[in-house]
Amino acid sequence: MEFNVSTFALEILNFLVLIWVLQRLFYKPLLAIINARKQLITESLAKAKNHEQAAEQQLALYENRQQQWEHEKQQAMSVLQQQIEVERKLQFAQLKTDLEQERHRSQASLSLQQKEFQQRAEKQALENGAKFSALLLRQTVSSDLEQRLFILLLDKITTLPELLKQRLMISEAQPALPEIKVTSAYVISTEMRQHLEEKLTSLMNQPVQVQYDQDTDLIAGIRLDIGDWVLNANLKHELSGFAELAYVSK
Amino acid sequence: MENHLSFVLGPLVISPSIFTTWGIMGVIILFAWLSTRQLEISPKGLQTTVEAIVTVIDEAINEVAPEQGRQLLPFIATLWLFLIVANLVGLIPELHAPTSDLSVTSALAVLVFVSVHWFGIKTLGIKHYLQHYLTPSPILLPFHIISEFTRTLALAVRLFGNMMSLEMAAMLILLVAGFLAPIPILMLHIIEALVQAYIFGMLALIYLAGAMQSQQLNTKE
Numbered sequence: 002m003e004f005n006v007s008t009f010a011l012e013i014l015n016f017l018v019l020i021w022v023l024q025r026l027f028y029k030p031l032l033a034i035i036n037a038r039k040q041l042i043t044e045s046l047a048k049a050k051n052h053e054q055a056a057e058q059q060l061a062l063y064e065n066r067q068q069q070w071e072h073e074k075q076q077a078m079s080v081l082q083q084q085i086e087v088e089r090k091l092q093f094a095q096l097k098t099d100l101e102q103e104r105h106r107s108q109a110s111l112s113l114q115q116k117e118f119q120q121r122a123e124k125q126a127l128e129n130g131a132k133f134s135a136l137l138l139r140q141t142v143s144s145d146l147e148q149r150l151f152i153l154l155l156d157k158i159t160t161l162p163e164l165l166k167q168r169l170m171i172s173e174a175q176p177a178l179p180e181i182k183v184t185s186a187y188v189i190s191t192e193m194r195q196h197l198e199e200k201l202t203s204l205m206n207q208p209v210q211v212q213y214d215q216d217t218d219l220i221a222g223i224r225l226d227i228g229d230w231v232l233n234a235n236l237k238h239e240l241s242g243f244a245e246l247a248y249v250s251k
Numbered sequence: 400m401e402n403h404l405s406f407v408l409g410p411l412v413i414s415p416s417i418f419t420t421w422g423i424m425g426v427i428i429l430f431a432w433l434s435t436r437q438l439e440i441s442p443k444g445l446q447t448t449v450e451a452i453v454t455v456i457d458e459a460i461n462e463v464a465p466e467q468g469r470q471l472l473p474f475i476a477t478l479w480l481f482l483i484v485a486n487l488v489g490l491i492p493e494l495h496a497p498t499s500d501l502s503v504t505s506a507l508a509v510l511v512f513v514s515v516h517w518f519g520i521k522t523l524g525i526k527h528y529l530q531h532y533l534t535p536s537p538i539l540l541p542f543h544i545i546s547e548f549t550r551t552l553a554l555a556v557r558l559f560g561n562m563m564s565l566e567m568a569a570m571l572i573l574l575v576a577g578f579l580a581p582i583p584i585l586m587l588h589i590i591e592a593l594v595q596a597y598i599f600g601m602l603a604l605i606y607l608a609g610a611m612q613s614q615q616l617n618t619k620e
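So the sequences go chain by chain: A and B.
Numbering follows my numbering, in which position 246 of the first sequence is assigned residue number 247; successive positions increment by one, without gaps.
Numbering follows my numbering, in which position 166 of the second sequence is assigned residue number 565; successive positions increment by one, without gaps.
Next up, the structure:
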């Protein structure tokens, strides 16, 4: 409880020493390290802030670029749509043209087929008509008709064109006479044969050897073969000629 | 007891309070040295603790005197640390808190008194500093002077009275009531030790900051 001057003075001295020592040993290094840490944190925050700003700038740039890309994509899509539309129209027109051509070809082909079918049908009808006529004539013909057709043949021989006559005469100079074959539906009488041989001798200007044959398919009439030359005066040939003539005239 | 442990060194009488103060100083300095031997940017263990202590003190000072915080830190922080340890030393058997000695508390109060004028003059200059005794009116000069001395005396007596009375109360209860009865008083001692250390340090801080900042306000005006 007593006031002691020595204690008072020494306490002041002690405390000043304590302040001095702690200032050097404690506060100064601690505050220095705390300040260094704060500075480091501040720098780190500044760096982080800079990085954040840079990131935001990059983000803005990216978003802007993305918008540009989106815009360019839209434009490209629009151009592509237009090109697709044009191409579609072209392809559609081409397809339409091709279809039209194909349709025309099909119609032409169909009409050709119909025409061919019609022709075949007409030809078949004509042939059937000829067959029918042949069947009808086969039942109605006789040797009289044969004889009249023979006379007709003789007339034909007499009225052959001059060019043909000269050709048959030229064959006179040949070493071998052409084979002469006479085919008839009925048997030719001797008188008629003699008469025919005379006509041929007169035509070819030399005696001839004639081979006679019978073919009922001729219906009625005669077919004369002199080498490669044929002279028909029979109903089968006439009916076929009528059918072909009718077909050609169609 | 004090007379038995005191010895004379020339003109100086070394009292037990001075011995205890040296011991406290040794402990604080040793703790400071150990805790600041290997400081790192990333603190660990003891460094975290001492950094927290210094940071708390620094923030408390900055709240009162933001512009002069670093100037006042060594004095105020040392005052707080010393007073906390000195007040709590009384809990150790056979030891007395140096702050229960009026000579010690007077020395600390005088240091505060001198520091107030020292920092005031250092900050503002002697002319501007002395002017505040004449404001707002020179008539108040005697009151200012009386105030300076009375608040210093109050600082010293408050701390001394509280710490001495605590020790005395604990001793009396121990003598009267037996072994376990002083425990609540000892717990009260802990709280009182911390509170008194805080009050003394905070008052010193306020006096210092008041001296420095009031003159700054006058200078600005």
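A virtual CB, placed ideally from N, CA and C, is assigned to each residue, including glycine.
Small disclaimer: the values here were computed from a predicted structure and weren't measured.
{"Check": "Where does residue 213/A sit, in a helix, a strand or coil, going by DSSP?", "Outcome": "strand"}
{"Check": "Quick one, are the C-beta atoms of residue 571/B and residue 498/B less than 7 Å apart?", "Outcome": "no"}
{"Check": "Contact criterion: CB-CB distance below 7 Å. Does residue 611/B meet it with respect to chain A?", "Outcome": "no"}
{"Check": "Within 10 Å of its beta-carbon, does residue 99/A have 16 or more other beta-carbons around it, so buried, or fewer, so exposed?", "Outcome": "exposed"}
{"Check": "To the nearest angstrom, how far is it from the Cα of residue 401/B to the Cα of residue 494/B?", "Outcome": "Any reading at residue 401/B is ruled out, since the residue's pLDDT is 44, under 50, leaving its predicted position unreliable."}
{"Check": "Just by C-beta distance, which residues in the region 502-516 of chain B are closer than 8 Å to chain A?", "Outcome": "502, 503, 505, 506, 507, 509, 510"}
{"Check": "Could you tell me whether the Cβ atoms of residue 568/B and residue 584/B are closer together than 7 Å?", "Outcome": "yes"}
{"Check": "Closest to residue 30/A by C-alpha separation, out of 612/B, 417/B, 446/B, 423/B, would be which residue?", "Outcome": "446/B"}
{"Check": "Tell me where the beta strand (DSSP E) around residue 185/A begins and ends.", "Outcome": "181-185"}
{"Check": "Is residue 16/A close to chain B, meaning its C-beta is less than 7 Å from at least one C-beta of that chain?", "Outcome": "yes"}
{"Check": "Counting only Cβ pairs nearer than 7 Å, list the residues of chain B close to residue 5/A.", "Outcome": "412, 414, 502"}
{"Check": "Indicate the three-state DSSP secondary structure (helix, strand or coil) for residue 231/A in the structure shown.", "Outcome": "strand"}
{"Check": "Buried or exposed: residue 214/A, going by 16 or more other Cβ atoms within 10 Å of its Cβ?", "Outcome": "exposed"}
{"Check": "The alpha helix (DSSP H) with residue 520/B in it runs from where to where?", "Outcome": "501-523"}
{"Check": "At the 7 Å Cβ level, is residue 8/A part of the contact set with chain B, yes or no?", "Outcome": "yes"}
{"Check": "For residue 444/B, does the three-state DSSP call read helix, strand or coil?", "Outcome": "helix"}
{"Check": "So what's residue 412/B in DSSP terms, helix, strand or just coil?", "Outcome": "strand"}
{"Check": "Note down, in chain order, every chain A residue with its Cβ under 8 Å from the Cβ of residue 435/B.", "Outcome": "26, 27, 30, 31"}
{"Check": "Which residues in chain A sit within 8 Å of residue 476/B, going by Cβ to Cβ distance?", "Outcome": "23, 28"}
{"Check": "Please classify residue 474/B as buried or exposed, where buried requires at least 16 other C-beta atoms within 10 Å of its C-beta.", "Outcome": "buried"}
{"Check": "Per DSSP, which residues does residue 406/B bridge with? Please list them.", "Outcome": "413/B"}
{"Check": "Chain A beta carbons: is any one of them nearer than 7 Å to that of residue 424/B?", "Outcome": "yes"}
{"Check": "Between the region 453-465 of chain B and chain A, which residues of the former have a C-beta closer than 8 Å to a C-beta of the latter?", "Outcome": "453, 454, 457"}
{"Check": "Measure the alpha-carbon distance for residue 222/A versus residue 152/A and round it to whole angstroms.", "Outcome": "10 Å"}
{"Check": "How do the region 7-15 of chain A and the region 412-428 of chain B stand: do at least 3 beta-carbon pairs fall below 8 Å, yes or no?", "Outcome": "yes"}
{"Check": "Please check if any C-beta of chain A sits within less than 7 Å of the C-beta of residue 440/B.", "Outcome": "yes"}
{"Check": "Based on DSSP bridge pairs, tell me the residues matched to residue 223/A.", "Outcome": "185/A, 234/A"}
{"Check": "Report the residues of the region 31-59 of chain A with a CB closer than 9 Å to any CB of chain B, ordered along the chain.", "Outcome": "31, 32, 33, 34, 35, 37, 38, 41"}
{"Check": "Between residue 402/B and chain A, is any beta-carbon pair separated by less than 7 Å?", "Outcome": "Below a pLDDT of 50, predicted positions are generally treated as unreliable, and residue 402/B, at 48, falls in that range; no measurement from the model is reported."}
{"Check": "Can you round the beta-carbon distance between residue 241/A and residue 131/A to whole angstroms, since I take them to be within the 8 Å contact cut?", "Outcome": "6 Å"}
{"Check": "Which same chain residues, not among the five before or five after residue 459/B, have their C-beta less than 7 Å away from its C-beta?", "Outcome": "none"}
{"Check": "Could you list which residues in chain A have their beta carbon closer than 7 Å to that of residue 432/B, in chain order?", "Outcome": "26"}
{"Check": "Please report whether the beta-carbon of residue 549/B lies at a distance below 7 Å from any beta-carbon of chain A.", "Outcome": "no"}
{"Check": "Can you find at least 3 beta carbon pairs, one from the region 26-43 of chain A and one from the region 426-439 of chain B, that sit closer than 8 Å?", "Outcome": "yes"}
{"Check": "Measuring alpha carbon to alpha carbon, tell me which residue in 479/B, 594/B, 525/B is nearest residue 19/A.", "Outcome": "479/B"}
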